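Chains as they are written, first to last, in the working numbering: chain A, 1 to 388; chain B, 389 to 653.
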């Protein structure tokens, strides 16, 4: 099959700077040479490719938008393009980078003390410590404000009690950013894995995101020093700020998954002969391909504009909701369509589209479901909240 | 030590090359350009020597060519090179390997490097002549197509392993010397994202004819002893013929075609 070279129907590349393109092409080469060849094996076995953590850290993937603390200081468009290339490999690989960067390093950088930043950020950037983010609970997904996990002050310590569910990187993490109610207010804490009473159990029988580490966190009266509280992480709003960062990366990331599916099905359709001509020569296939190409182009344009807005400090969270909602759902539809073009071959892991399709079911749900983002955009348009 | 690394912008290996309308040039329209893959080994080797020595060693990337050469220099800087020099001048256009080597030798001479590294050949014209000619102009020893390189602790001697028919040849050279790099010498690193951001801020020095002790008639097309007369496309392959039928019928038809059409039996 022809080598993947991105998809640029509307000459969007001409709107990117040289360094933005260099970031994208560097991550693309890394994915092509180091990550993709072995990914399916991990997916089938249900293991995260932890051998990729060190090379990703050397590349500078983790905390790439942060300044200082050995981070790259990328702008938000370069960051988005990086996420796109990682998810071109697999949503699990992008999720790892999203969590480490947007959900662990970002809150420490934004809400942490100087001491916490110095202790954790360089180690997280180097990948010597892996982090996870514990907000969601089994019974509180779309409504995190209802969480039951609590923190109680006791002398020089806090005592955390509760459990968290669907936690990416949970089993492999050395530190967890845990959100718990302290005197009724949602507050962020850093919990090291070796703390007594802390346990991470892998989620079993996953049919999606199989090459990602997904865990349940148990906090059974875990005692942490008061210095482990993130001093500025007070209120649900702070947790949602982290999610907003991650969602922005997702809106870009799924373009990569969609491009992988489009590229694969386009090339396949040109080679696959049925009734004496390539299936690409039939109108039904061409409609599928034209729809996919159009959606990818629209996804790219939306993300590029949001990235530029964020770099100008003008991005608002409902913008990100629109992009996350639209792009993930479109990517999911593209993956399904690509799978259909591949015919019977499409159900095999020799091809990528069905793997992406299964992953995107998760991506459509996590970090704010399609439905919740619909309500956020609806709230923004009408001024009337319709969540409850 | 001072290490000079020569890098060149070449069309991506997957590019479809089109001959220009004049028949003596390549049409750059629609081509994707990359750093010559053998030059990546050279950059990597320079950086590894610097990292091993842990002293004040600097790596300077030099590229001659049109504006797109800046991109490969940025890549070299992003990988970790300290400085970059872009050699460009309208007078250099149309130069052959010798004329270009003459220019590059004069760019490199005032830098007084201890080691010059380049790729074993550029994958565009495959001439493999520029690097050895530079060594000749600068009067330094050279080892070409090297798959292993060691620098002595006193930084005075380079030992290079060269693959030759039936075995390996070990070459010892006093520095300064020139080495061209072969696949297997090392595994080139990726430019890191912080490296890309740092490279963006670094200045790329421009060098033109006016900066060099050379006359216009000794560079570019005027200073070249060879000239491209015409490029030809490879002839198109004839279409493949599929033979149908059972094994006996296929064999009979094949014999008939080989005798009557191909006329080889």
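From the three backbone atoms N, C-alpha and C, an ideal C-beta is built for every residue, glycine too. These numbers come from a predicted model, not from an experiment.
From the options, residue whose alpha carbon lies closest to that of residue i
i, options, result
"residue 219/A", "38/A, 125/A and 190/A", "190/A"
"residue 320/A", "196/A, 80/A and 71/A", "80/A"
"residue 35/A", "53/A, 23/A, 22/A and 19/A", "53/A"
"residue 526/B", "592/B, 492/B and 402/B", "492/B"
"residue 592/B", "460/B, 414/B, 429/B and 424/B", "460/B"
"residue 359/A", "388/A, 206/A, 304/A and 45/A", "206/A"
"residue 328/A", "368/A, 198/A and 349/A", "368/A"
"residue 711/B", "540/B, 559/B, 512/B and 513/B", "As shown, chain B starts at 389 and ends at 653. That puts residue 711/B outside it, with no answer to give."
"residue 353/A", "212/A, 208/A and 233/A", "208/A"
"residue 607/B", "404/B, 544/B, 432/B and 489/B", "489/B"
"residue 552/B", "563/B, 570/B and 601/B", "570/B"
"residue 395/B", "467/B, 417/B and 440/B", "467/B"
"residue 406/A", "119/A, 287/A, 28/A and 318/A", "Limits of chain A in this structure are 1 at one end and 388 at the other, which puts residue 406/A out of reach."
N-terminal and C-terminal residue of the beta strand (DSSP E) that residue i is part of
i, result
"residue 144/A", "Where residue 144/A is concerned, there is no enclosing beta strand (DSSP E), given that its DSSP letter is neither H nor E."
"residue 533/B", "530 to 539"
"residue 131/A", "131 to 134"
"residue 370/A", "Here residue 370/A belongs to no beta strand (DSSP E); instead the alpha helix (DSSP H) covers 370 to 382."
"residue 399/B", "397 to 399"
"residue 259/A", "Taken as a continuous stretch (DSSP letters only), residue 259/A belongs to no beta strand (DSSP E), being part of the alpha helix (DSSP H) at 236 to 271."
"residue 157/A", "157 to 168"
"residue 176/A", "175 to 182"
"residue 471/B", "471 to 475"
"residue 23/A", "From DSSP, residue 23/A is part of no beta strand (DSSP E) but of the alpha helix (DSSP H) over 18 to 30."
"residue 405/B", "Element bounds for residue 405/B: n/a, residue is neither H nor E."
Proximity test, Cβ basis, 9 Å: residue i and chain B
i, result
"residue 454/A", "Since the first and last residues shown for chain A are 1 and 388, residue 454/A lies out of range."
"residue 259/A", "no"
"residue 29/A", "yes"
"residue 299/A", "no"
"residue 223/A", "no"
"residue 23/A", "yes"
"residue 18/A", "yes"
"residue 201/A", "no"
"residue 26/A", "yes"
"residue 74/A", "yes"
"residue 193/A", "no"
"residue 2/A", "yes"
"residue 78/A", "yes"
9 Å Cβ cutoff, residue i in contact with chain A
i, result
"residue 449/B", "no"
"residue 435/B", "no"
"residue 581/B", "yes"
"residue 585/B", "yes"
"residue 402/B", "yes"
"residue 588/B", "yes"
"residue 578/B", "yes"
"residue 420/B", "yes"
Length of the line joining the Cα atoms of residue i and residue j
i, j, result
"residue 336/A", "residue 438/B", "50 Å"
"residue 204/A", "residue 42/A", "15 Å"
"residue 576/B", "residue 129/A", "26 Å"
"residue 561/B", "residue 567/B", "10 Å"
"residue 272/A", "residue 341/A", "10 Å"
"residue 546/B", "residue 573/B", "14 Å"
"residue 406/B", "residue 400/B", "13 Å"
"residue 384/A", "residue 187/A", "28 Å"
"residue 158/A", "residue 371/A", "36 Å"
"residue 20/A", "residue 309/A", "16 Å"
"residue 374/A", "residue 382/A", "12 Å"
"residue 116/A", "residue 465/B", "33 Å"
"residue 529/B", "residue 451/B", "21 Å"
"residue 451/A", "residue 109/A", "Since the displayed chain A opens at 1 and closes at 388, residue 451/A lies outside it and no answer follows."
"residue 254/A", "residue 243/A", "16 Å"
"residue 479/B", "residue 501/B", "26 Å"
"residue 240/A", "residue 579/B", "33 Å"
"residue 512/B", "residue 398/B", "6 Å"
"residue 104/A", "residue 63/A", "9 Å"
"residue 185/A", "residue 150/A", "9 Å"
"residue 111/A", "residue 326/A", "30 Å"
"residue 107/A", "residue 23/A", "24 Å"
Host alpha helix (DSSP H) of residue i (start-end)
i, result
"residue 612/B", "Where residue 612/B is concerned, there is no enclosing alpha helix (DSSP H), given that its DSSP letter is neither H nor E."
"residue 96/A", "91 to 98"
"residue 71/A", "Neither: residue 71/A is in no alpha helix (DSSP H) and is coded neither H nor E."
"residue 360/A", "353 to 365"
"residue 55/A", "53 to 59"
"residue 297/A", "283 to 311"
At a CB distance below 8 Å, what residues from the region 57 to 71 of chain A approach chain B? Give them in sequence order. 58, 59, 60, 61, 64, 70 and 71
Please list, in chain order, the residues of the region 440 to 473 of chain B that have any C-beta partner in chain A closer than 8 Å. Against chain A - using a Cβ distance shorter than 8 Å - the residues of the region 440 to 473 of chain B are 459, 462, 463 and 466.
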